[in-house]
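Chains as they are written, first to last, in my numbering: chain A, 1 to 369; chain B, 1 to 281.
This report refers to the structure that appears directly beneath it.
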Amino acid sequence: MSSAEFLAQLRGAHKAEEPGARGIERVARNPDCLRLRALTIAGFTPASAAEILGVQSKEGQSPFALSMGMRFDKHLVENGAANLFALYRKEGLLSVQEAKFIAIDDFAPGASPQALQKRLGETRRLLDAKRRGDPNAPNIIVKPRLLVDLVGVPHAIEPDYLVAADTDVFYRTGELKSYPDRGGKTDPADIRSACRQAAVGVVGLRQALASLGVNDPAQIAGPAADLVLRVTGLFMPTLSRMAIEGEVASVERAISEAPTNLQELEAMLPANASFEEASTIAALPNNYRPSCKEHCAMWEHCRAQALDHGHPVVLGDQAAELLAPAGSIARGLELMRRQGQPPRNSAEAALGEELRAANDTLRRAVGDG
Amino acid sequence: MSTTESTLKQRLQDAVTRQQALLGDLNGALISGDRAKQAATETQLRKLQAEAQRLSDELRYVQLEQSVSAPRAQARLTGKAAREIALDAIDEIGVPVSPSTISEFSLASTGVAVAATRFASLRRDEERAARRDPASRPAWVAPALSAARLTALPRLFTSSAWAIERRLVGARSARVNHLYTTLAFLDRFERMRATNTDAGAMENLVIRYARGVPGATATGADVDGARVREVVKAELEALEPDDLNERCEAAARLAKRRDQEKLWGLPVVIEGGGQGERAGG
Chain A
1 MSSAEFLAQL RGAHKAEEPG ARGIERVARN PDCLRLRALT IAGFTPASAA
51 EILGVQSKEG QSPFALSMGM RFDKHLVENG AANLFALYRK EGLLSVQEAK
101 FIAIDDFAPG ASPQALQKRL GETRRLLDAK RRGDPNAPNI IVKPRLLVDL
151 VGVPHAIEPD YLVAADTDVF YRTGELKSYP DRGGKTDPAD IRSACRQAAV
201 GVVGLRQALA SLGVNDPAQI AGPAADLVLR VTGLFMPTLS RMAIEGEVAS
251 VERAISEAPT NLQELEAMLP ANASFEEAST IAALPNNYRP SCKEHCAMWE
301 HCRAQALDHG HPVVLGDQAA ELLAPAGSIA RGLELMRRQG QPPRNSAEAA
351 LGEELRAAND TLRRAVGDG
Chain B
1 MSTTESTLKQ RLQDAVTRQQ ALLGDLNGAL ISGDRAKQAA TETQLRKLQA
51 EAQRLSDELR YVQLEQSVSA PRAQARLTGK AAREIALDAI DEIGVPVSPS
101 TISEFSLAST GVAVAATRFA SLRRDEERAA RRDPASRPAW VAPALSAARL
151 TALPRLFTSS AWAIERRLVG ARSARVNHLY TTLAFLDRFE RMRATNTDAG
201 AMENLVIRYA RGVPGATATG ADVDGARVRE VVKAELEALE PDDLNERCEA
251 AARLAKRRDQ EKLWGLPVVI EGGGQGERAG G
């Protein structure tokens, strides 16, 4: 069975959903989660999968944050991206003459297949113009439409914007986020997430360059991105230039491992299995992490499964690492209490000692020792 | 519930309470055989009954008036159709503008709110009507055209009466148009202020647009028209020649096309059919 046929079988009657940069970024966040990866490749969002699993989807931002994000984006890109351009001027990254701007959805607004295809074509034309050194190539492209290939299937993404000075060889991706910029105290999870989304854009740019016949796209589309955040309490933007080698590498790794996952999946699932069945999704191996609740709608289901199996990760990442030799909370307790099987190896023995010492300390501290 | 309605209801309730008290008095007079008190009470009761009837009628009238639905927002506001409002704004600003800009400008300058969404159907209606009879109106609301492709940019409105190069949008035009729009808003704001018209909303619009031009505004300060004009014009001087060249070259290409194509743009050709994306396959 070809990959496309297998994916069609997995999807059944479900209409494929575009994962977008956020969806691909999610996969890169938890690369060991086969469940999330397989669903993304097959065109299911975690929210749809959560619905099939019968759990209430708690994914996504609050309506307030969403509305704030949309207003912030609009504020920056409206009127010929005047405010975004002013920011780059202020930072000395674009000159007065470098005011060439295009919003891709001005060419073809809407979500019809024709409009989407036209946006793709226009983006491609503009990327080619920049690559050829056309002096009229835009300096800012808002909402370019790019393709990211997963298992031979192109998935569309629309980064917030691309930017390049006239002297730059090619574009860098830009992400607009309404998070308050608190300098070094900005939530690292927010920054990491934005950088990974930008990294998906870099991968999209590299794949576009490859399709235009460029031999070494990574040389031209470097692992760098611009992050635009908001001044705390105001609607003024701030700009940070980020190096995102690690994020690009993790996205490329997640994408390159996808074909292996498909073969693994085909061998693992029964014939005619479909993700429309809750049991098929539930049977997929997952990799629950406490950080899943930041990005995945299925986290409650996966956490419940982890709890059923007594997986130490439900106690947190640090506990999961510590209890790794035991493999489960129950075995950890056995080792601490010297019950059940004796330690199977030196790691288990050391863990038992460590847990007993910690337990003794705790009991002394609470006056029960 | 309106204030009038609640006042009437209160007065009616007071009348009923007083009637109930008088009925008690009347009952007492009948039992005691006090004819004088009986006659006086009956007179007061008749007056109160008349007052209650009048209040009741008034209350019904007020409720009836409220139940009649409020008139819908008229297509013609201040005697102008949406297309006329759009064309007036387009002509005053003088460069291709988006429906949201027209809407904001109309509200700030005339107080007439026309939702930007109403302009979406307007452009389609205009194209249909113009294709039937192009000479039936002196000007049409027509889309701006891409200088690179000569295709329509449906989100930017122009007037068909303009020269072709004014309707074209090149690589630098978005910025040039923003600068001209800022100047047009500033002109209108200064005219409104000179005639003592309430220009608060217009001033906000000028500030919002001028903030996109580095050096044109200072945080917390009032609009300094001379400064805005100076900074905007300096930027225009740097950009406009290249922008105009690009648009004129495109206009020369478009001039060879049919009249309908000059108005509504070339048909869209979708490329890359073999590269069609599918989400998930």
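Idealized CB from N, CA, C, for every residue including glycine.
It should be emphasised that the depicted structure is a prediction, and the values quoted were computed from it without experimental measurement.
Can you pull the chain A neighbours of B/E235, defined as C-beta to C-beta under 7 Å? Contacts between B/E235 and chain A, judged by CB atoms closer than 7 Å, involve V96 in chain order.
Shorter than 9 Å from the beta carbon of B/D242 to some beta carbon of chain A? In terms of beta-carbon proximity, B/D242 lines the interface with chain A, with at least one pair separated by less than 9 Å.
Just to make sure I have the definition right: I need the residues of chain A whose C-beta is within less than 9 Å of the C-beta of B/L168. Which are they? Among the residues of chain A, none has a CB under 9 Å from the CB of B/L168; the nearest is roughly 13 Å distant.
Could you check which residue in A/V228, A/T232 and A/R196 has the C-alpha nearest to that of A/V251? Ranking the options by Cα distance to A/V251, first place goes to A/R196.
Can you give the beta carbon distance from A/V153 to B/E235, rounded, assuming they're within the 8 Å contact cut? No, A/V153 and B/E235 are not in contact; Cβ-Cβ is about 45 Å, not under 8 Å.
Is the stretch 241–261 of chain A in contact with the stretch 26–33 of chain A, if contact means three or more CB pairs nearer than 8 Å? Yes, the stretch 241–261 of chain A touches the stretch 26–33 of chain A.
Rounded C-beta distance between A/D190 and A/T232? I'm assuming under 8 Å. The Cβ separation is near 13 Å, so there is no contact.
To the nearest angstrom, report how far apart A/M70 and A/L53 are at their CA atoms. C-alpha separation (whole angstroms): 30 Å.
Taking A/N370 and A/V163 to be in contact with their CB atoms under 8 Å, please state how far apart those CB atoms are, rounded to whole angstroms. Residue 370 of chain A cannot be examined here, being either before or after the span of chain A that is shown, 1 to 369.
Got a sec? Which residues, its chain only, sit under 6 Å from A/L333 by beta carbon, not counting five neighbours each side? Taken in chain order, the list of residues that qualify is empty.
Pick helix, strand or coil for B/A206, following the three-state DSSP scheme. Correcting the residue identity first, residue 206 of chain B is Val in this sequence and not Ala. Correct three-state label for B/V206: helix.
Name the chain A residues that come within less than 9 Å of B/Y209, Cβ to Cβ? Going along chain A in sequence order, the residues near B/Y209 (Cβ under 9 Å) are N79 and A82.
Residues in its own chain within less than 6 Å of A/F64 by CB, not counting five upstream and five downstream? For A/F64, where only same-chain residues beyond five positions count, there are no Cβ hits under 6 Å.
Quick check on B/G220: does DSSP put it in helix, strand or coil? B/G220: coil per DSSP, three-state reduction.
Among residues of its own chain, excluding the 5 on either side of A/P312, which ones have a beta-carbon nearer than 6 Å to its beta-carbon? Within the same chain, A/P312 has close Cβ partners A319, A320, L323 and I329.
With a floor of 4 residues, list each alpha helix (DSSP H) that falls wholly inside the stretch 224–304 of chain A, ordered by position along the chain. Those alpha helix (DSSP H) runs which fall completely within the stretch 224–304 of chain A and span 4+ residues are 245–268 and 278–283.
Min CB distance B/R247 to chain A below 9 Å: No, because no Cβ of chain A sits closer than 9 Å to the Cβ of B/R247.
Measure from the C-beta of B/T158 to each C-beta in chain A and report whether the shortest distance is under 9 Å. Using beta-carbon distances, B/T158 does not count as an interface residue toward chain A, since no partner is under 9 Å.
What are the residues of the stretch 142–168 of chain A that lie near chain B, defined by any Cβ-Cβ distance shorter than 7 Å? The residues in question are L147, V153, P154, H155 and A156.
Between which two residues does the alpha helix (DSSP H) holding B/S286 run? Chain B is shown only over 1 to 281; residue 286 of chain B falls outside these bounds and no answer can be derived.
C-beta contact flag for A/E247 and A/P223 at 9 Å: Contact: yes.
Using a Cβ distance threshold of 8 Å, determine whether the stretch 295–302 of chain A contacts the stretch 32–51 of chain A, with at least three qualifying pairs required. Judged by Cβ distances under 8 Å, the stretch 295–302 of chain A makes contact with the stretch 32–51 of chain A, as three or more pairs qualify.
Could you list which residues in chain B have their beta carbon closer than 8 Å to that of A/N136, in chain order? By Cβ distance, chain B contributes A148, G170, A171 and E246.
Is the beta carbon of B/D242 less than 9 Å from the beta carbon of B/R149? Their beta carbons are not under 9 Å apart, which means B/D242 does not touch B/R149 by this criterion.
Whether or not the stretch 275–286 of chain A and the stretch 233–240 of chain A are in contact is what I'm after, with contact meaning three or more pairs of Cβ atoms, one per stretch, closer than 8 Å; do they touch? Contact between the stretch 233–240 of chain A and the stretch 275–286 of chain A is absent: fewer than three C-beta pairs spanning the two stretches fall below 8 Å.
Just reading off the alpha helix (DSSP H) that A/T40 is part of, what are its end residues? For A/T40, the enclosing alpha helix (DSSP H) begins and ends at L34 to A42.
Verify whether the separation of the beta carbon atoms of A/L7 and A/L262 is less than 9 Å. Result yes, Cβ atoms of A/L7 and A/L262 sit closer than 9 Å.
Beta-carbon gap between A/A194 and A/Y179 smaller than 9 Å: In contact: A/A194 and A/Y179 (Cβ atoms closer than 9 Å).
Around the Cβ of A/Q117, are there at least 16 other Cβ atoms within 10 angstroms (buried) or fewer (exposed)? Label assigned to A/Q117: buried.
Pull up the CB-CB distance for A/L229 and A/K177, whole angstroms please, since I reckon it's below 8 Å. Rounded, the Cβ-Cβ distance is 6 Å, consistent with contact.
Backbone secondary structure at A/H155 - three-state DSSP: A/H155 sits in a strand when the DSSP states are folded into three classes.
Under a Cβ-count criterion, where at least 16 other Cβ atoms within 10 Å of its own Cβ denotes burial, should A/S67 be classed as buried or exposed? Here A/S67 is exposed, its C-beta having fewer than 16 other C-beta atoms within 10 Å.
Comparing C-alpha positions only, which one of A/T280, A/L147 and A/P325 sits nearest to A/A38? Closest by alpha carbon: A/T280.
Are B/L12 and B/A52 touching if we call contact CB-CB under 9 Å? Going by C-beta atoms, B/L12 is nearer than 9 Å to B/A52.
Could you spell out the range, first to last residue, of the alpha helix (DSSP H) harbouring A/P188? That run of the alpha helix (DSSP H) goes P188 to S211.
For the alpha helix (DSSP H) containing B/A152, name the first residue and the last one. For B/A152, there is no enclosing alpha helix (DSSP H); the residue is part of the beta strand (DSSP E) that begins and ends at A152 to S159.
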